[in-house]
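Those protein sequence lines, which keep their order, are chains Y and U.
Position one of the first sequence corresponds to residue 806 (this note's numbering), numbered consecutively onward.
Position one of the second sequence corresponds to residue 591 (this note's numbering), numbered consecutively onward.
We put the CB at the ideal spot given by N, CA and C, even for glycine.
Just so we're clear, the structure is a prediction, and the values are computed from it rather than from any experiment.
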Amino acid sequence: MRQALRPLTTLVVGAVFAVPLYVVLANTFKHGPDIAPSPMSPPWPPTLDNLTAVMSRPDRLFWASLANSLIVTSLSVVVLTVLSAMLGHYLARTHSRWARVATLVLLSGLMIPPQVILLPIVRVLQLFDLMTTLQGLILFNVGYYVPFGVFVFAGFVRTIPRELEEAAAIDGAGPVRVFWRVVFPLLRPATASAVIFFGVWIWNDFLNPLIILGPGQGTTVTTGIYRAVGQFQVDFGTMFGLMFLASLPPLVFFLLLQRHFVKGLTGGAAKG
Amino acid sequence: MTAQLATRPARAAAPAAVRRRRWSPEKLLHFGVFAAPGLLVYGCFVLLPILVSVGYSLTNYNPFNPDTEFVGLRNYKLLFTDEEFLTSLRVTTVLTVILVVAPNVAGLLIALLLDKKGPFYNAWRAVFFIPVVLSSVVVSVVWTRLLADDGAINQVLGWAGIGSVGWLSEPGIALYSLAWIMAWQMLGFCVVVYLAGLQSVPQELYEAASIDGAGALARFRNVTWPLVAPALTINTVVMLITAFKAYDHIQVITNGGPGTGTTATVAFVVLQTGFTANRQGYASAMALVMLVIIATASALALKLLRRREVEL
């Protein structure tokens, strides 16, 4: 009896917790008109109508949003990873007072809420002629998330011995070569957690693209759902189909890289 | 923001002997290639906007009103008597208290439940974490459907003979429903951080405590609880910042209502004032006060919680 208590409790608590997840899954494959009257019923017989309806919308909302999200997320993540790995390495290896000040200023960026920056960012982006463009959003992402990248990389660089880099430098390699050939491959665990966090955050960002891309100028998947919900108050089938498709990339990403997710998340929890 | 946030910055031991010439050409090139690009983007898109904000906050700037005047600290003084702002502070405080306490307590309990090896428990860990990687917009829309007046939860309550509840339409209830939704989304984060903390507790300590005759409760109080302190620190600070920044769920689910401002957090009011009412000078002052509150609260929390962490 006592033996069964833990799995049984897990099952009950887990099942209650998972109800909203079940609702998305069930209603994505259910006939549209059945969703409102019986949201909890299983999707039997299952249908793909909702998914095809989303994908063949005449305004191409889904495909346009998907393309924008893919471009913004992938470019932001690549630029962020490269810039913050190099900056993190530089700051971790430079022992001057100004490097410590720069590190502090960057790290305090970790808790700046986007609301503080978003009001004036409109003016700053207009200044560079980048308002309502994908480039503008990407550059904003890089600036906003670079503190986290520096935090992850600088912390990790301190754990790898300096001698490796010095040996390569003595062999005549310049700093850039040493970094990409010797240091960067050693940073792989840090790179994994940085890429995971950047990827999920930027894919799911709602407020930043809403304001920077502006009302008329194309949407990402999150702002696309937000706009669509207002339109299809009645058509729940399309709504659930859209939400399911938008959640698929981060979900697959998470399930594939589960172990790295946990490691990245708990780098600080398990002291070491 | 994330777990990583709370790790102690490793103290850089500065070897004074290494100090050579200050800015040789190589050093400058090294700086230019490695440090300058990242610092430049951060400067342009984070530091510069904050400075612009400070400037705005001293004016009555409104993009649709050409006469911008310097008003000194008037915006800051106005905040203390602004009913909308004071209400939003109260709303944010309620939300923060719930979001710091509820996912922390529930997260630790669930972590204790799932702290076993095997595919069964691994699978449930993954399920609890799924909402963390979902977009807040998706989570908001699903819960809006579930909690709607004719939604699934009220249907179930109807079958059980209890009348329906205005989860999102009743001014006195909506804020708590919102807190519930956000707590649901972040719960898995706390669970995973606690699980890592639990797994770092050496098994021998439990055995030693058992030999000394400690019961399950005493083992939890004297072994588990002190040793998951770093996890508690991380979860508390992360939830604190999450609650203060709360915006997405509010815009999608309640838009600040029902009624006037019953769920409008400071973060929400800042953007309403800035972009909908276009009072950008005043909104900037509000945003900077918000920044000071977040910085103070998280620094205080870190300091208090660090004190009770023990070294193994």
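Check	Outcome
When the distance is taken between beta carbons, is V829(Y) closer than 8 Å to F961(Y)?	no
Mapping DSSP to helix, strand and coil, what is F834(Y)?	coil
Using a Cβ-Cβ cutoff of less than 7 Å, which residues in the same chain neighbour S647(U) once the five nearest sequence positions on both sides are dropped?	N665, G871, S874, A875 and L878
Less than 8 Å between the C-beta atoms of L788(U) and T815(Y), yes or no?	no
Going by beta carbon distance, what residues of the same chain come within less than 6 Å of R601(U), once the five residues before and after it are set aside?	Caution applies to R601(U), whose pLDDT of 44 falls short of 50 and renders its modelled position unreliable; the value that the coordinates give is listed next. Counting only Cβ-Cβ distances below 6 Å, and skipping sequence neighbours, we find nothing.
Quick one: give me the first and last residue of the alpha helix (DSSP H) that G954(Y) is part of.	L939 to V962
Kindly list the residues whose CB is nearer than 7 Å to the CB of V783(U), restricted to its own chain and excluding five residues on each side of it in sequence; keep chain order.	A593, A821, I824 and N825
Rank W1006(Y), A869(Y) and P847(Y) by C-alpha distance to the C-alpha of L878(Y) and give the top, closest one.	Leu is not the amino acid found at residue 878(Y); the sequence shown has Thr there. It is W1006(Y).
Examine chain Y for any beta-carbon lying closer than 8 Å to the beta-carbon of S726(U), and answer yes or no.	yes
Just verifying my parser: in three-state terms, what is the DSSP assignment at N744(U)?	helix
So with CB distances below 9 Å, who are the chain Y contacts of Y837(U)?	P918, P919, Q920, F1011 and L1012
Which chain U residues are close to Q1063(Y), counting only those with a beta carbon under 7 Å from its beta carbon?	A716
Return helix, strand or coil for A600(U), following the three-state DSSP convention.	Reliability fails at A600(U), whose pLDDT of 44 lies under 50, so the model's placement of it is uncertain and no value is given.
Suppose the cutoff is 8 Å on Cβ atoms and the five residues either side in sequence are ignored; what does the same chain contact list for L861(U) look like?	Y837 and A873
Please classify L757(U): is it buried, with 16 or more other beta-carbons within 10 angstroms of its beta-carbon, or exposed?	Reading off the sequence, residue 757(U) comes out as Trp, not Leu. Buried.
Answer yes or no: does any C-beta atom of chain Y fall closer than 8 Å to that of S888(U)?	yes
Quick one: what's got a C-beta closer than 8 Å to A773(U)'s C-beta in the same chain, skipping five residues either side?	I688, L689, A692, P693 and A696
With the cut-off set at 8 Å, would you say V957(Y) and L888(Y) are in Cβ contact?	no
Answer with yes or no whether the minimum CB distance from R811(U) to chain Y is below 8 Å.	no
Measure the C-alpha to C-alpha separation of G1042(Y) and L724(U) and round it to an integer number of angstroms.	19 Å
Is the distance from the Cβ of L881(U) to the Cβ of V927(Y) below 8 Å?	no
Report the three-state DSSP secondary structure of F1058(Y) (helix, strand or coil).	helix
Mind checking if W733(U) is an interface residue toward chain Y, Cβ cutoff 8 Å exclusive?	yes
Residues bridged to N652(U) by DSSP?	N655(U)
If contacts are defined as beta-carbon pairs under 8 Å, then L676(U) and V856(U) qualify, I think. What distance do you get, rounded to the angstrom?	Contact doesn't hold; Cβ gap of about 10 Å is too wide.
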